[in-house]
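Student: Residue numbers (our numbering), protein chains in the order written: chain A, 85 to 426; chain B, 2 to 132. Just passing along the structure, written as structure tokens.
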Amino acid sequence: AAPRSVPAMESADGAARTLPSIGRLSRGPLFGRAYGRFGLSPSGQLLPPAPPSQENADPQRTAFLLRKQWTLYSVTPLYGFSDARLRDYARLLSAFIAAEKQKGLAVEVGVELDIKVAVSSLPDLKGSDQDQAAILVQLSSRSPASPKNSEEKLIWSGWFCCVSGDDLSENVPEDFTCLPLFLVSGAESYTAIVGSWFQKTFDCCFRRLAISPLNLSWMAAMWTGCKVDKTASAMELVFSVPCLSQPLDISYAIHPEDAKALWDTVQKTPGEITQEEVDVFMDCLYSHFHRHFKIHLSATKLVKVSTAIASAHCDGIIKFLQSQYLTGVLMLLTELAISQIQ
Amino acid sequence: HLATSLPLPSERDHLRPRIDLIVFMIDIKSKYSLKNIEASLAHVDASFFLGKVCFLVTGVGRVNYCSVDMNAIWKLGEVYCSPVLFCELELEGIRVATAQRLLRMLQICAGHIPGVSALSFGSLMRGSADD
């Protein structure tokens, strides 16, 4: 582990910030529910087991989603959406983007880009049959100066998905489609344009999805327990130290086999994880660090977790690294998105 | 009197006034603060837990900075039979309101409010937080 200084990391203030009104100060359950949903059934036992491997899905079709950084948003249910009209939506969105450019909200100054919109469905990305299949929106560009058949360059991708979102989809009225998780890769300006088209067309609301340190530690524990075929990369935890004049980040790297060995001694029932087990796991890592460096990591903020399965950052940024665990991780993220919406 | 942990240093025991209320502050952003409180609780005489102890959880305004499991805090309140209050120190309004609440509790614990004892008030507070 090596402490190092990094430039000030702006906290994502766009992220959920629930301030209880004075009248509700002592009302715990409302606050507890805001984040506590993640992975906890009423009895306190944990549900999602180590993310299940996908069986029938063709990994090639979703390979393009791996090893890319995606920014996460939660989306409220879409009204009047139909997956039979994807071509129409592509056409309408394309016209909207062109209109925005006319208005002078051109994304790239001085460069005239011909933006092409493609909207498609990703049927493999769902958990239960009740889930709506994932919807992928891609923006590609071709400079009008280049020859007609030149390659189009993909400049922006965004996809909506819902994996095991039964809790939400069971409770919405008929005409609503539940796709609570939105993942984006590309320029923020395009994200804003596409987002506002969806908001206008389907009366939905996008919000950056932040991941709390508590949820990150769950991910660290869960993903450590997953079996990986190839040699796994080191598990890395990044902590941000609060209340310092100069911001300081601490990076703690753990050999994947050591981490897995530790987790295996902690986890009692395979397929089930409890909060206590996550606490013990993290406490072991913290005390090991304290023994060597005399720093209490438990007083800092866990901001990033990287394992062989995936890496997640508290600002709501994810990177999928293993196709067999893609739906598993999406299931966790869907749950986070749903609890942010509710 | 503010202390970072218990027990209080014994050197000043004879100079210390009577303690009427102990407020344990847990910062929801720091797991370390919870561990510290749990260790300090062991040094408190049992008689304090008859209404003269409360837990104050701070930092609740930012749900996404949460490093502490809420269930652990609820359990603490249950095990030690003491009320759990929440506040957000960053907001002046809530800070002031919380301070006023604590002051009121302190008056009761010190016996300055006739007809209300620390024990009865403590059970009243816990009863209302349970529903």
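Where is the CB? At the ideal position from N, CA and C, for every residue including glycine.
For K210 (chain A), count the other beta carbons within 10 Å of its own beta carbon; 16 or more makes it buried, fewer makes it exposed. Which is it?
Tutor: Buried, by the Cβ-count rule.
Student: Determine which residues of the segment 366–387 of chain A have a Cβ less than 9 angstroms from any Cβ of chain B, and write them out in chain order.
Tutor: Hits within the stretch, in order: M366, D367, Y370, H380, L381, S382, A383, T384, K385 and L386.
Student: Check whether the Cβ atoms of S407 (chain A) and L156 (chain A) sit closer than 8 angstroms, and answer yes or no.
Tutor: Contact: no.
Student: By how many angstroms is the C-alpha of I20 (chain B) removed from the C-alpha of L114 (chain A)?
Tutor: Residue placement at L114 (chain A) cannot be trusted, given a pLDDT of 28 that sits under 50; the coordinates are not used to answer.
Student: Taking DSSP as the reference, what is the three-state secondary structure of R145 (chain A)?
Tutor: Reduced to three states, the DSSP call for R145 (chain A) is helix.
Student: Measure the C-alpha to C-alpha separation of Y33 (chain B) and H2 (chain B) and round it to an integer number of angstroms.
Tutor: Cα to Cα, Y33 (chain B) sits roughly 21 angstroms from H2 (chain B).
Student: Please name the residue or residues paired with V69 (chain B) in a DSSP beta bridge.
Tutor: V69 (chain B) is not bridged to any residue.
Student: Pull up the distance between the alpha-carbon of A218 (chain A) and that of A47 (chain B), whole angstroms please.
Tutor: When rounded, the distance between both Cα atoms is 57 angstroms.
Student: Let me know the secondary structure DSSP gives G164 (chain B) once reduced to three states.
Tutor: Residue coverage of chain B in this structure runs from 2 to 132, which leaves residue 164 (chain B) outside it and unanswerable.
Student: In whole angstroms, what separates the C-alpha of E177 (chain B) from that of S269 (chain A)?
Tutor: Since the displayed chain B opens at 2 and closes at 132, residue 177 (chain B) lies outside it and no answer follows.
Student: Quick check: the Cα distance between W243 (chain A) and L7 (chain B), rounded to an integer number of angstroms?
Tutor: When rounded, the distance between both Cα atoms is 52 angstroms.
Student: Hey, quick one: how far does the beta strand (DSSP E) through Q222 (chain A) stretch, first residue to last?
Tutor: That run of the beta strand (DSSP E) goes A218 to R226.
Student: Listing by chain order, which chain B residues have their CB less than 7 angstroms from the CB of Q359 (chain A)?
Tutor: Ordered by position in chain B, the residues that pass the 7 angstroms Cβ test against Q359 (chain A) are D70 and N72.
Student: Does the beta carbon of S41 (chain B) sit closer than 8 angstroms to a beta carbon anywhere in chain A?
Tutor: It does not; no Cβ of chain A falls within 8 angstroms.
Student: Strictly by DSSP, which residues pair up with R292 (chain A)?
Tutor: Per DSSP, A:Y157.
Student: Pull up the CB-CB distance for V24 (chain B) and L103 (chain B), whole angstroms please, since I reckon it's below 8 angstroms.
Tutor: Between L103 (chain B) and V24 (chain B) the Cβ distance is about 6 angstroms, and since that is below 8 angstroms, they are a contact.
Student: Would you kindly work out how many angstroms separate the C-alpha atoms of H372 (chain A) and F290 (chain A), rounded to a whole number?
Tutor: Near 40 angstroms, if we compare the C-alpha coordinates of F290 (chain A) and H372 (chain A).
Student: Does the beta carbon of Y119 (chain A) sit closer than 8 angstroms to a beta carbon anywhere in chain B?
Tutor: Because the pLDDT at Y119 (chain A) is just 33, under 50, the model does not fix this residue reliably, and the value given afterwards should be weighed accordingly. Interface residue, yes.
Student: Closer than 8 angstroms, Cβ to Cβ, to anything on chain B: give me those residues from the segment 389–419 of chain A, in chain order.
Tutor: The segment 389–419 of chain A vs chain B, Cβ under 8 angstroms: C398.
Student: Going by beta-carbon coordinates alone, are V247 (chain A) and L414 (chain A) separated by less than 8 angstroms?
Tutor: Closer than 8 angstroms, so yes.
Student: Whole angstroms is fine: what's the gap from L416 (chain A)'s alpha carbon to S121 (chain B)'s?
Tutor: C-alpha separation (whole angstroms): 44 angstroms.
Student: Is the beta carbon of E91 (chain B) within less than 7 angstroms of some heavy atom of the ligand NAD?
Tutor: Absent from the structure shown: the ligand NAD. Ligands present: none.
Student: In angstroms with no decimal places, state the Cα-to-Cα distance between T285 (chain A) and S423 (chain A).
Tutor: Answer to the nearest angstrom: the Cα atoms are 24 angstroms apart.
Student: Helix, strand or coil: how does DSSP classify N270 (chain A) here?
Tutor: A small correction: the amino acid at residue 270 (chain A) is Gly; Asn does not occupy that position in the sequence shown. Of the three classes helix, strand and coil, the one that applies to G270 (chain A) here is strand, per DSSP.
Student: Give a yes or no on contact between the segment 321–328 of chain A and the segment 261–268 of chain A, applying the rule of three or more CB pairs nearer than 8 angstroms.
Tutor: Segments in contact, no.
Student: Which residues, taken in chain order from the segment 286–300 of chain A, show a beta carbon closer than 8 angstroms to some beta carbon of chain B?
Tutor: Those residues of the segment 286–300 of chain A that come within reach of chain B (Cβ to Cβ, closer than 8 angstroms) are A294, I295, S296, P297 and L298.
Student: Give me the Cα-Cα distance between V85 (chain B) and I74 (chain B), rounded to the nearest whole angstrom.
Tutor: Using only the alpha carbons, I get a separation of about 8 angstroms.
Student: Residue range of the alpha helix (DSSP H) that A182 (chain A) falls in?
Tutor: First-last of the alpha helix (DSSP H) with A182 (chain A): L170 to Q186.
Student: By the DSSP assignment, the beta strand (DSSP E) with H397 (chain A) in it spans what residues?
Tutor: From DSSP, the beta strand (DSSP E) with H397 (chain A) extends over A394 to H397.
Student: Is the CB-CB distance between M106 (chain B) and L57 (chain B) below 8 angstroms?
Tutor: Not in contact: M106 (chain B) and L57 (chain B) (Cβ atoms no closer than 8 angstroms).
Student: For chain B, is any of its Cβ atoms less than 8 angstroms away from the one on G128 (chain A)?
Tutor: At G128 (chain A) the pLDDT is 34, less than 50, meaning the model places this residue with poor confidence; the figure from the coordinates comes in the next sentence. By this cut-off, G128 (chain A) is an interface position.
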